[in-house]
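K.L.:
Counting from 1, one number per residue, gives the positions in the sequence shown under full-length UniProt numbering. So that we are looking at the same thing, I have put the structure below in structure tokens.
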Amino acid sequence: MSSAHSRLAKALSTGGFDGKEPESSGRKKDKKKRKRSSSSSGGHTSQDEDYNDLMSIFALPPKEFNRGARQGRLDDLTCKQIAVSLSNVAPCVIASDLLAIGGEYEAMMNENCRRLRKSKDEKGKTDSVFEQVTAATGCWRARLGEVAQLLIGKNLTDVTISNAKNLADVTSLLKSLFKSHKRTRTSARFEVESMLARVGRLLEEHEEKKDRSRETHLDQRQADLNDREADLDAREKELRKLERELLAQQTSRPYRALCSTCGLHPCSRDHSCDAHKDGHHNCYWCHKEWKQTGFKSGGKARGAAAERGGKAS
1 MSSAHSRLAK ALSTGGFDGK EPESSGRKKD KKKRKRSSSS SGGHTSQDED
51 YNDLMSIFAL PPKEFNRGAR QGRLDDLTCK QIAVSLSNVA PCVIASDLLA
101 IGGEYEAMMN ENCRRLRKSK DEKGKTDSVF EQVTAATGCW RARLGEVAQL
151 LIGKNLTDVT ISNAKNLADV TSLLKSLFKS HKRTRTSARF EVESMLARVG
201 RLLEEHEEKK DRSRETHLDQ RQADLNDREA DLDAREKELR KLERELLAQQ
251 TSRPYRALCS TCGLHPCSRD HSCDAHKDGH HNCYWCHKEW KQTGFKSGGK
301 ARGAAAERGG KAS
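Put into structure tokens, the structure is as follows:
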């Protein structure tokens with residue numbers, strides 16, 4: 001009976017008769033912690049596998065995965081360490097590409113140098129091969145520096161890695177620098193685009209002002225030409241009117257017959273023209289005819305007829 005009462009009390013408290021005891025909150029928290037720890041451990045495992053692959057690609061020894069005490073800047077790292085650190089910074093950076101821009105040639109030169117050091121017959125060639133290795137290393141370092149400049153916008157000597165313990169921390173630092181440089185570059189691009197848009201609007205407004213001023217100037221010139229043309233038309237009308245008035249006022253000169261004696265126009269003066277030899281002719285019959293008849297026409301025959309008529313009377 002006591003066992004039956006105890007089971008009934010448990011069923012009433014839990015709300016079921018399945019006979020299963022409810023899980024405590026402590027057990028649930030333990031399960032959540034286990035899940036989180038398993039997920040974090042899985043993430044670390046995948047990250048470790050990525051770095052293991054990178055180390056195998058670049059032939060980096062495991063002891064060089066940690067940062068040295070004297071390696072305070074990114075430029076202090078070896079070329080292989082820099083390549084491993086840059087491989088996971090951005091999706092566009094591929095480890096094989098970093099290896100192809102100088103790592104393969106450096107590895108080949110190092111292999112030749114080690115082979116010549118082991119051989120006794122070719123000791124004289126070791127120095128020249130070592131110089132080639134140094135040149136290959138410098139070339140690869142310069143190209144890696146250009147890649148870093150494109151990704152983070154800084155030189156290798158400007159990046160401080162004293163707080164990083166290993167290459168994973170260096171990669172995290174480079175990722176944050178890459179994100180900040182990307183934001184800066186994006187904002188700068190937007191600023192340039194907005195500036196270009198403002199310049200375009202200013203140019204459009206300037207062109208519109210120029211067009212309006214040109215049209216205004218052309219309209220003003222056309223109005224001035226129209227005014228001048230109207231003035232010229234008015235002056236031409238006035239001149240034509242004055243010309244008609246002058247033609248109306250001008251009287252026609254009377255016809256003057258030529259003298260039959262001298263062949264010139266008769267002189268209308270009453271006195272002798274001896275005093276005016278330069279200006280008039282001196283014809284007796286012209287003066288006499290004028291005095292007797294009062295006409296400007298006639299000549300020697302009419303004068304003789306008049307003289308004969310006087311004698312007859």
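For every residue, glycine included, the Cβ atom is placed at its ideal position computed from N, Cα and C. Source: prediction; values computed, not measured.
1) Is the segment 151-165 close to the segment 61-80, with three or more CB pairs under 8 Å?
2) Does Val170 pass the burial test, meaning 16 or more other C-beta atoms within 10 Å, or should it be called exposed?
3) Can you name the residues that DSSP bridges to Asn166?
4) According to DSSP, Thr160 sits in a beta bridge with which residue or residues?
5) Going by the beta-carbon positions, is the gap between Leu99 and Phe58 smaller than 8 Å?
6) In this structure, does DSSP put Ser172 in helix, strand or coil?
7) Tell me whether His206, by its Cβ, gets closer than 7 Å to a heavy atom of the ligand HEM.
8) Quick one: measure Cβ to Cβ for Val147 and Leu54, integer angstroms, because I've assumed they're closer than 8 Å.
9) Leaving out five residues before and five after Ser119 in sequence, what residues of the same chain have Cβ atoms less than 8 Å from its Cβ?
10) By the three-class DSSP mapping on this structure, what secondary structure does Asn155 have?
11) For the putative contact between Val89 and Leu151, defined by C-beta atoms under 8 Å, what is the C-beta separation to the nearest angstrom?
12) Give a yes or no on whether the C-beta atoms belonging to Gln81 and Ile161 are separated by under 8 Å.
13) Please work out which residues of its chain come closer than 7 Å, Cβ to Cβ, to Arg141, disregarding the five sequence neighbours upstream and downstream, and give them in chain order.
14) Give me, in chain order, the residues of the same chain whose beta-carbon lies closer than 6 Å to that of Arg198; leave out the 5 immediate sequence neighbours on both sides.
15) Considering Cα atoms alone, identify which of Val133, Gly200, Cys92 and Ser128 is closest to Ala107.
16) Helix, strand or coil, according to DSSP, for Thr78 in the structure here?
17) Taking the C-alpha atoms as reference points, what is the distance between Phe139 and Phe130?
18) Using 10 angstroms around the beta-carbon of Pro22, count the other beta-carbons present and answer buried if the total reaches 16, otherwise exposed.
19) Would you report the Cα separation of Glu236 and Glu245, rounded to the nearest angstrom?
20) Using C-beta distances below 6 Å, list every residue in its chain close to Met109, excluding the 5 sequence neighbours before and after it, in chain order.
21) Does DSSP classify Ala197 as helix, strand or coil?
22) Could you say which of Val192, Arg185, Glu191 and Gly153 lies nearest to Leu174 if we only look at CA atoms?
23) Go through its chain and collect everything with a Cβ distance to Asp231's Cβ below 8 Å, but skip five positions before and after it.
24) Return no unless some Cβ of chain B is closer than 8 Å to the Cβ of Gly145.
25) Rounded C-beta distance between Gly102 and Arg143? I'm assuming under 8 Å.
26) Between which two residues does the alpha helix (DSSP H) harbouring Asn112 extend?
P.N.:
According to the structure shown:
1) Cβ pair count under 8 Å is three or more, so yes.
2) With 16 or more other Cβ atoms within 10 Å, it is buried.
3) When beta bridges are read from the DSSP output, Asn166 appears opposite Asn66.
4) DSSP links Thr160 through a beta bridge to Arg73.
5) For Leu99 and Phe58, yes; Cβs fall inside 8 Å.
6) Reduced to three states, the DSSP call for Ser172 is helix.
7) This structure lacks the ligand HEM; in fact it carries no ligand of any kind.
8) Contact check for Val147 and Leu54: beta-carbon distance about 15 Å, past the 8 Å limit, so the pair fails to qualify.
9) Cβ contact annotation for Ser119 (same chain, cutoff 8 Å, sequence separation greater than five): none.
10) The three-state reading of DSSP puts Asn155 in coil, since its state is none of H, G, I, E or B.
11) Their Cβ separation, rounded to whole angstroms, is 6 Å, which keeps Val89 and Leu151 in contact under 8 Å.
12) Against a cut-off of 8 Å, the Cβ pair of Ile161 and Gln81 comes out as no contact.
13) Excluding positions up to five away in sequence, the list reads Cys79.
14) Within its own chain, no residue has a Cβ closer than 6 Å to the Cβ of Arg198 once the five positions on either side in sequence are excluded.
15) The shortest C-alpha separation from Ala107 is found at Val133.
16) It is coil, neither helix nor strand.
17) According to the sequence displayed, residue 139 carries Cys and not Phe. Their Cα atoms are separated by approximately 14 Å.
18) A caution first: Pro22 carries a pLDDT of 46, below 50, which makes its placement in the model unreliable, though a value can still be read off. When all chains shown are included, Pro22 counts as exposed.
19) The alpha-carbon atoms of Glu236 and Glu245 are separated by roughly 14 Å.
20) Taking Met109 as the centre and dropping the five residues before and after it, the same chain places the C-beta of Gln132, Val133 and Ala136 closer than 6 Å to its C-beta, in chain order.
21) Correct three-state label for Ala197: helix.
22) If we check each option's Cα against that of Leu174, Gly153 comes out closest.
23) No residues qualify anywhere along the chain.
24) Considering every chain present, this structure includes no chain B. It has just one protein chain.
25) Indeed they touch by this definition, with Cβ atoms about 5 Å apart.
26) Unbroken alpha helix (DSSP H) run through Asn112: Glu104 to Lys118.
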